[in-house]
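**Student:**
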Amino acid sequence: MSLPRVLADLPVSQTVLDLLGGLVELVPWDAAPGRVDAVYTYGHPPVGAELMDRFPDLKVISNFGVGVDHIDVRAAAERRIPVGNTPGILDGATADLAFALLLAAGRRVVEGDRYARGPAFTHYDPSFMLGREVHGSTIGIFGMGRIGRQVAKRANGFGMKVLYHNRNRSDEAEIVLGARYAPKDELLATADHVVLTLPLTPDTRGFIGAAELALMKPTATLVNVARGAVVDKDALAVALAARRLFAAALDVTDPEPLPRDHPLLKLDNVVITPHLGSATEETRRRMAELSVQNLFAGLAGKPLMFSVT
Ligand code: 8YV
Numbered sequence: 082m083s084l085p086r087v088l089a090d091l092p093v094s095q096t097v098l099d100l101l102g103g104l105v106e107l108v109p110w111d112a113a114p115g116r117v118d119a120v121y122t123y124g125h126p127p128v129g130a131e132l133m134d135r136f137p138d139l140k141v142i143s144n145f146g147v148g149v150d151h152i153d154v155r156a157a158a159e160r161r162i163p164v165g166n167t168p169g170i171l172d173g174a175t176a177d178l179a180f181a182l183l184l185a186a187g188r189r190v191v192e193g194d195r196y197a198r199g200p201a202f203t204h205y206d207p208s209f210m211l212g213r214e215v216h217g218s219t220i221g222i223f224g225m226g227r228i229g230r231q232v233a234k235r236a237n238g239f240g241m242k243v244l245y246h247n248r249n250r251s252d253e254a255e256i257v258l259g260a261r262y263a264p265k266d267e268l269l270a271t272a273d274h275v276v277l278t279l280p281l282t283p284d285t286r287g288f289i290g291a292a293e294l295a296l297m298k299p300t301a302t303l304v305n306v307a308r309g310a311v312v313d314k315d316a317l318a319v320a321l322a323a324r325r326l327f328a329a330a331l332d333v334t335d336p337e338p339l340p341r342d343h344p345l346l347k348l349d350n351v352v353i354t355p356h357l358g359s360a361t362e363e364t365r366r367r368m369a370e371l372s373v374q375n376l377f378a379g380l381a382g383k384p385l386m387f388s389v390t
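Residue numbers for the sequence shown follow our numbering, so the first one is 82 and each next one is one higher.
1. Assuming Ala330 and Leu182 form a contact by the criterion Cβ under 8 Å, report the distance between their Cβ atoms to the nearest whole angstrom.
2. Does the Cβ of Val97 have 16 or more other Cβ atoms within 10 Å, making it buried, or fewer, making it exposed?
3. Would you check whether ligand 1 has a heavy atom nearer than 7 Å to the C-beta of Val312?
4. With DSSP run on the structure shown, which of helix, strand or coil describes Ser388?
5. If you measure from the CB of Thr145, is any heavy atom of ligand 1 nearer than 7 Å?
6. The beta strand (DSSP E) spanning Lys77 covers which residue range?
7. Using only the alpha-carbon positions, how far apart do Val93 and Gly103 sit?
8. What are the boundary residues of the beta strand (DSSP E) that includes Ser143?
9. Quick one: complete alpha helix (DSSP H) runs, 4+ long, within the stretch 269–344?
10. Counting C-beta neighbours from all protein chains within 10 Å, is the total for Tyr205 16 or more, i.e. buried, or is it exposed?
11. Considering Phe121, what are the terminal residues of the beta strand (DSSP E) in which it resides?
12. If we count Cβ pairs, one from each stretch, closer than 8 Å, do we get three or more for the stretch 228–236 versus the stretch 165–177?
13. With distance defined between alpha-carbon atoms, name the residue in Leu277, Val87 and Gln95 nearest to Gly358.
14. With DSSP run on the structure shown, which of helix, strand or coil describes Glu131?
15. Counting only the same chain and skipping the five closest in sequence on each side, list residues whose C-beta sits under 6 Å from that of Gly129.
16. When the Cα of Leu413 is compared with those of Val352, Glu159, Gly124 and Arg86, which residue comes out closest?
17. Using the three-state DSSP reduction, which class does Leu25 fall into: helix, strand or coil?
18. Taking only three categories from DSSP, how would you classify Glu106?
19. Pull the bridge partners of Tyr262 from the DSSP assignment, please.
20. Tell me the DSSP secondary structure of Ile220 in three-state form.
21. Only counting the same chain, and skipping five residues up and downstream in sequence, which positions put a Cβ closer than 8 Å to that of Ile162?
22. Reducing DSSP to helix, strand and coil, say where Val97 ends up.
23. Using a threshold of 8 Å, state whether the C-beta atoms of Leu84 and Trp110 are closer than that.
24. Within 10 angstroms of the Cβ of Val149, are there 16 or more other Cβ atoms? Answer buried if so, exposed if not.
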């Protein structure tokens, strides 16, 4: 009997290959129409209705990661194709990175590193490179899901006042983490550090644009560990260049990577990492395990460990 054929945006990691154990045949993303039993998305390749119809034998779409904005989930549901993802295992790692970025932006860590290595650093001067306080300041979290709550937990450790905005109020955030719900505009105008942990949906595309940036304090920082398209990158570049915002730190951009000549890349008051939110050995291994389990379950016609459809 031939192996199940799995369309994957190659190359997947050696960990994923080991977990697959040679039990499936990986088919390149641009394969011609023919028998394909499953789709495995390792990066964020778009998976639309057209692709699903090109391969009518699909039994499952398994995503390495939690965000499925690159997959047309409604089209999959209409075709009764389960879509698996990997929630609950990357929240801590992603919240850790959000805090690394918040600290980097507020305390000018990357700018300081560049300066300390360069020829301009000829003598120490206590009046240079002053940043913005993190401990005791106010954090505003957009998106109080699993990752948002982990960010709030860390903010508690820094003695920060926690504001949040979400579609629904979260008892856990309010009672356990002491977070206070705030309307969008109030959060933007009040927070010293605004952190984005909300999913990309038609409602959140361009969620932070020129109008929102104008509401923020000129001393504030913006941290994005969600999806690049949640922020209008051109409006952000204008605000940062005009120092209408202290700094931004972006783990995600739209597109990824940004065009090499984009104005954001020329600014000192922006830190950019290449989508490292979940990028630890431990977390990426758990993501590999869960996504491969989802794949095998779907191929066997069994319920997935985690499914968004
Ligand atoms: C992954 C992510 O690294 O889970 C997500 O939604 O964005 C990241 O944790 C990514 O999906 C893998 O490509």
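Glycine included, every Cβ here is placed at the ideal spot set by N, Cα and C.
**Tutor:** Taking the definition as stated:
1. Locating residue 330 in the sequence shown gives position 249, counting from the first residue. Locating residue 182 in the sequence shown gives position 101, counting from the first residue. Indeed, because the Cβ distance is near 4 Å, the residues count as touching under 8 Å.
2. Indexing the sequence shown from 1 puts residue 97 at position 16. Looking at its Cβ environment, which holds 16 or more other Cβ atoms inside 10 Å, Val97 is buried.
3. In the sequence shown, counting from the first residue as 1, residue 312 sits at position 231. Because no heavy atom of ligand 1 lies under 7 Å away, the Cβ of Val312 does not count as near it: no.
4. Position 307 of the sequence shown, counted from the start, is the residue given in the question as residue 388. In the structure shown, Ser388 sits in a strand (DSSP, three-state: E or B).
5. Mapped onto the sequence shown, residue 145 falls at position 64. Note that residue 145 is Phe in the sequence shown, not Thr. Under cutoff, so the answer is yes.
6. Only positions 82 to 390 of the chain appear in this structure, which leaves residue 77 out of reach.
7. As a first step, residue 93 must be located in the sequence shown, where it is residue number 12. As a first step, residue 103 must be located in the sequence shown, where it is residue number 22. Distance between the alpha carbons of Val93 and Gly103 is about 13 Å.
8. Stepping through the sequence shown from its first residue, residue 143 is reached at position 62. It spans Val141 to Asn144 - the beta strand (DSSP E) in which Ser143 sits, taken as one unbroken run.
9. 291–296 and 314–322
10. Translated into the one-based positions of the sequence shown, residue 205 becomes position 124. That one is exposed.
11. Taking the first residue of the sequence shown as position 1, residue 121 is located at position 40. At residue 121 the sequence reads Tyr, which differs from the Phe that was named. Unbroken beta strand (DSSP E) run through Tyr121: Ala119 to Thr122.
12. yes
13. For the purposes of this step, residue 358 is taken as residue 277 along the sequence shown, with counting starting at 1. When each option's Cα is compared against that of Gly358, the closest is Leu277.
14. Here residue 131 is taken as the residue at index 50 of the sequence shown, counted from 1. Helix.
15. Here residue 129 refers to the residue found at position 48 of the sequence shown. Cβ within range, chain order: Asp153.
16. In the structure displayed, the chain extends from 82 to 390; residue 413 sits before or after that span and is not available.
17. This structure does not reach residue 25, given that the chain is present from 82 up to 390, and the question cannot be answered.
18. Against the sequence shown, residue 106 aligns to sequence position 25. DSSP places Glu106 in strand when its eight states are reduced to three.
19. In the sequence shown, the residue the question calls residue 262 occupies position 181. Answer by DSSP bridge pairing, in chain order: Tyr245.
20. Residue mapping note: residue 220 aligns to position 139 of the sequence shown, counting from 1. Correct three-state label for Ile220: strand.
21. The residue labelled residue 162 in the question sits at position 81 within the sequence shown. Met133, Leu139, Lys140, Val141, Ile142 and Thr390, listed in sequence order.
22. Taking the sequence shown and counting its residues from 1, the one referred to as residue 97 is at position 16. Val97: helix per DSSP, three-state reduction.
23. Translated into positions along the sequence shown, residue 84 becomes position 3. Translated into positions along the sequence shown, residue 110 becomes position 29. Against a cut-off of 8 Å, the Cβ pair of Trp110 and Leu84 comes out as no contact.
24. The residue given as residue 149 occupies position 68 in the sequence shown. When all chains shown are included, Val149 counts as buried.
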